[in-house]
Each structure stands twice: as structure tokens, then as C-alpha cells.
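Step one of this worksheet: look at the structure below.
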Amino acid sequence: MRKYGITLLIILCACLSACTNMFEDNRSTESAFDPYIASFKAYAKQYGHNFDNTPVVMHFANLTDGKAGQCYMHSNPIYIEIDRAYWNQLEGSSNKENLRQELIFHEMGHGLLDRYHLNDQLNRSDWKSMMFGDALPNNCQPTLNFRGMRKEYYIEELFTQTNQAPAWSTLPEPDFSQVTEYELAKLSPDFCPYPLLKNESIDAYLANNQVVITNKKDYEIAIPLTVTYPTQQDFYFEVTYQATANKNITPESGLIWGDNTTTNLHYFSIDQDKHAKVGEITCMYPFLDFYNGSINNQQNTVAVRKQGNFVYYYINGEFVYYNDTQDLRTGGNLVGISISGNTTLRITGTVIKGSQSVQNKQATARNPFALPNPLPAKAK
Ligand SMILES: [Zn+2]
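If you count by my numbering, then the sequence shown holds residues 0 to 379, one letter each, in order.
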């Protein structure tokens, strides 16, 4: 009997030891996350919190339902899972550090700051907080302009829940009427800045003072204009057109400028679900996807103005957004348009103005090229 008791004791000890080991394992965090956790804790201190002795367990997982991360709130210790495929995919994004930091700060916001999702928006459609999530208003993509001049605000808001609107969200529409600029190109009966090509990708022709361009491919393409301009200089670029789908899709189209898809290509596009996207193609997701009620399925005017390190975005004459570009790749001499697959644009107006009169209207246009398939942003 006594011997039997000792055996039981040995089995019990072995089990406890195994359980302890398992617990120890669970307490460890993958080292890839360490710098972001340390950064969160350092910022926390700056804003009056101390999480030095608060353990966080963060593991890679294979998450479903389009999730990039999830936090088990009120678990002890706080347990967070990060989707491995998403994390690895970000390796290919030129702003991967910001995207990874945003994801981990969001999840730690749930776990350590006890914050829930908040879908308030600021003046010009930016999220009020990096804690946005779940069903977003107007089906906006879960993507945040967490970089440049906006970044410090989002970190402060995470820790303080401040209701003070940041200055960049309340900028009045700037007056550029005194800016010296030269008209580089204008669509007119005498001049067409679009390549009138007919090939396996596009079919473009002039008819009744309109440029009609059809993207015959199933995917989005870029069409560089025949006019080139050094886009590190200031410029204004405006196109008025109607987009029509040739298949059962939501046409999306807009303006592009920069160099190419591997160096830098900035975009501002609209679609007929009344969404607009601001982004740069080497950054894997748009900086922002927002709703604008003035977008219609007849004719729209989209415009961008680059002035110094800022870009201002307009839809149908309304100043809808602005962005800083200091941390982004810039330069290149391409200006053009983007068109979703199986879509026709009827362009009735195009104006390009620049701070220098250096365009070359005789420049040979580059061929249209495919734009990377935009990935749906992931939820947090
Ligand atoms: Zn969340």
C-alpha cells in the first residue's frame, strides 16, 4: 500500500513538473515581438502607466476570419496571438515597421490598457483612435495612417484617450491661389496627354473631345501620361471622367504619380461604392480608405496637389484629405491614371500644372503596366 502511494506521488510529481514546464513555455513570447512590447512599455511610462511587471505572452498563430491579431482580454497573463501569415507578408511592405507596431500596440491596448474598439472619426475621415475595429462605418477597410505627422497623436491617444483633435485633422483648406505655377498640359482639341494605344491591354481613342480608355485586362493597370514631370517638385494634377464597368465589378480609378511599382508610386483612387483610397504602392495597404458621399456614378473630378512635403487630395472640388510624405519614398517623373480591370473611363478634362515648366510633351509614354493586387486589410 505504502509502495503504491509512493508510485502515485512520483506520477503526480511528474505531471506537475510537466504542467509547470508547459506553463513556463506559455509565458515565453516569440522574440520577434520583443522590441514592440518594449516600445509599448516605454511609451506607457511616458504617459503615466507602468507595465514593467506585467507579463505579456505573445505567440504566432494561424488566425482565421481575416484577423491579423487577437487579444484574450482579462486573461492572466495577457495572451495575444499574431497571425503568422500576415506578419510574414508585411516583410514585403516598405512601411512594415509601422504596420507591425500598430498591430501590437492595438492588441496590447486591449490587454494592458483594457481598451475596447472605438470607431469615432476625426474631421477628415482619419480614425480617432488606433483602437478602431469590428464592423467599421461605411464598410471602410481596417487601415490606419499610422506614420509621419499622425503617428505620435495615435500613440498619445492610445494611452490617454485624449479628445483634443490633433492640428492635422482640423487644417482649414489651404489657399494656393498665390502659388506660381505653369500649365504643363491640358486636355483640349489640340492636345491629348494620354497614349492613344490599341493593344491587348488597353483600347484608347479620342471621340467628341473625350478620351475613351478601356482596360481590357481583369486586373488594375496604370496608364502613364505622355507628359512627364519630376514629381519631387510641386504640382497640381486633376482629371474629370466617368467610369463604367464592363463586367459586374465596382469600378475603381484615380490618379498615380511617382516612378514605378518597385520604387514608389503614389495613388489616390475612388470607386463607385463612394470610397476613396490614399496610398503608395510599396506600402502594402492604403494609408486610409474613406467614404465620400459626393462620389457618384456619373462624372467625378479627382485632384491632388503636392506642395513641399505635403499632398492635398480633392474630390469634386472638396478638400478631403492631406498627407505628409517625408517618411515615404518619392520622386520619379511619372504622372498617370489607374483603372480597374474591365473598366472604361470617359475623360473630359485633365490639367497638370507644375512649379517648373520642364515638361516634355514629346516624351514617349511608358507602356501601361499592371498594379499589384491590393490585399484586403486585416482586422485587429
Ligand atoms: Zn481589436
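A virtual CB, placed ideally from N, CA and C, is assigned to each residue, including glycine. Given the structure is predicted, the values throughout are model-derived calculations rather than measurements.
CB contact flag (residue i, residue j, <7 Å)
{"i": "leucine 333", "j": "glycine 253", "result": "no"}
{"i": "glycine 65", "j": "alanine 378", "result": "yes"}
{"i": "threonine 179", "j": "asparagine 122", "result": "no"}
{"i": "glutamine 140", "j": "aspartate 288", "result": "yes"}
{"i": "phenylalanine 59", "j": "asparagine 97", "result": "no"}
{"i": "glycine 335", "j": "isoleucine 212", "result": "no"}
{"i": "glycine 353", "j": "tyrosine 181", "result": "yes"}
{"i": "glutamate 101", "j": "methionine 57", "result": "no"}
{"i": "alanine 67", "j": "tyrosine 85", "result": "yes"}
{"i": "asparagine 299", "j": "asparagine 315", "result": "yes"}
{"i": "glycine 313", "j": "alanine 302", "result": "Checking the displayed sequence, the identity of residue 313 turns out to be tyrosine instead of glycine. Going by C-beta atoms, tyrosine 313 is nearer than 7 Å to alanine 302."}
{"i": "tryptophan 167", "j": "leucine 143", "result": "no"}
Whole-Å CB distance - residue i paired with residue j, under 8 Å assumed
{"i": "threonine 347", "j": "tyrosine 240", "result": "7 Å"}
{"i": "threonine 249", "j": "isoleucine 280", "result": "Their Cβ separation, rounded to whole angstroms, is 20 Å, which puts threonine 249 and isoleucine 280 out of contact at 8 Å."}
{"i": "isoleucine 220", "j": "tyrosine 193", "result": "In fact, because the Cβ distance is near 13 Å, the residues do not count as touching under 8 Å."}
{"i": "isoleucine 103", "j": "tyrosine 35", "result": "4 Å"}
{"i": "aspartate 82", "j": "asparagine 61", "result": "7 Å"}
{"i": "proline 183", "j": "valine 210", "result": "A small fix is needed here, since residue 183 is leucine in this sequence, not proline. That pair is no contact at about 17 Å."}
{"i": "glutamine 231", "j": "threonine 329", "result": "6 Å"}
{"i": "asparagine 247", "j": "threonine 343", "result": "With 8 Å as the limit, asparagine 247 and threonine 343 do not qualify as a contact, their Cβ atoms being about 14 Å apart."}
Residue i versus residue j - alpha carbon distance
{"i": "proline 367", "j": "histidine 265", "result": "16 Å"}
{"i": "aspartate 270", "j": "threonine 243", "result": "10 Å"}
{"i": "serine 92", "j": "cysteine 282", "result": "5 Å"}
{"i": "serine 124", "j": "phenylalanine 318", "result": "12 Å"}
{"i": "asparagine 198", "j": "serine 337", "result": "17 Å"}
{"i": "arginine 304", "j": "tyrosine 235", "result": "4 Å"}
{"i": "valine 238", "j": "threonine 225", "result": "15 Å"}
{"i": "aspartate 174", "j": "aspartate 323", "result": "17 Å"}
{"i": "histidine 380", "j": "tyrosine 218", "result": "Residue 380 lies beyond the stretch modelled for the chain, which goes from 0 to 379, so this question has no answer here."}
{"i": "tyrosine 152", "j": "glycine 340", "result": "38 Å"}
{"i": "phenylalanine 39", "j": "asparagine 208", "result": "57 Å"}
{"i": "phenylalanine 131", "j": "proline 285", "result": "16 Å"}
{"i": "asparagine 214", "j": "serine 200", "result": "6 Å"}
{"i": "alanine 376", "j": "aspartate 189", "result": "43 Å"}
{"i": "isoleucine 9", "j": "leucine 111", "result": "Residue confidence for isoleucine 9 is low, a pLDDT of 38 falling below 50, so the modelled location carries little weight; the figure read from the coordinates is stated next. C-alpha separation (whole angstroms): 39 Å."}
{"i": "arginine 365", "j": "alanine 203", "result": "14 Å"}
{"i": "glutamate 251", "j": "tyrosine 46", "result": "42 Å"}
{"i": "aspartate 119", "j": "lysine 273", "result": "19 Å"}
{"i": "isoleucine 351", "j": "arginine 149", "result": "29 Å"}
{"i": "leucine 89", "j": "lysine 95", "result": "5 Å"}
{"i": "asparagine 263", "j": "asparagine 75", "result": "44 Å"}
{"i": "glycine 278", "j": "leucine 205", "result": "30 Å"}
{"i": "valine 72", "j": "methionine 107", "result": "The question names valine, yet the displayed sequence has methionine at residue 72. Straight-line Cα distance between these residues: approximately 9 Å."}
{"i": "asparagine 308", "j": "threonine 28", "result": "39 Å"}
{"i": "tyrosine 311", "j": "leucine 157", "result": "27 Å"}
{"i": "alanine 164", "j": "glutamate 172", "result": "16 Å"}
{"i": "proline 229", "j": "threonine 349", "result": "18 Å"}
{"i": "asparagine 162", "j": "isoleucine 154", "result": "13 Å"}
{"i": "alanine 31", "j": "cysteine 70", "result": "17 Å"}
{"i": "threonine 53", "j": "alanine 37", "result": "12 Å"}
{"i": "asparagine 138", "j": "phenylalanine 267", "result": "18 Å"}
{"i": "alanine 134", "j": "arginine 114", "result": "17 Å"}
{"i": "glutamine 51", "j": "glutamate 80", "result": "A small fix is needed here, since residue 51 is aspartate in this sequence, not glutamine. Rounded to the nearest angstrom, the two C-alpha atoms are 21 Å apart."}
{"i": "aspartate 233", "j": "asparagine 49", "result": "46 Å"}
{"i": "threonine 227", "j": "valine 55", "result": "52 Å"}
{"i": "leucine 374", "j": "proline 136", "result": "20 Å"}
{"i": "asparagine 87", "j": "arginine 99", "result": "10 Å"}
{"i": "lysine 276", "j": "lysine 44", "result": "35 Å"}
{"i": "tyrosine 320", "j": "arginine 345", "result": "25 Å"}
* Asked: Quick one: complete beta strand (DSSP E) runs, 3+ long, within the segment 34 to 105?
  -> DSSP runs (the beta strand (DSSP E)) wholly in the segment 34 to 105: 55 to 60, 68 to 71 and 77 to 82.
* Any chance you could list the residues with Cβ under 7 Å from a heavy atom of ligand 1, keeping chain order? => The set, ordered by position in the chain, is Cys70, His105, Glu106, His109, His116, Met130, Gly132 and Lys379.
* Asked: Counting only runs that start and end within the segment 129 to 215, where is the beta strand (DSSP E) found for 3 or more residues in a row?
  -> If we require 3 residues or more, the beta strand (DSSP E) runs fully inside the segment 129 to 215 come out as 181 to 185, 201 to 206 and 209 to 214.
* Which residue spans inside the segment 310 to 334 form an unbroken beta strand (DSSP E) run of at least 3? -> Fully contained in the segment 310 to 334 are the following beta strand (DSSP E) runs of length 3 or more, in chain order: 317 to 323.
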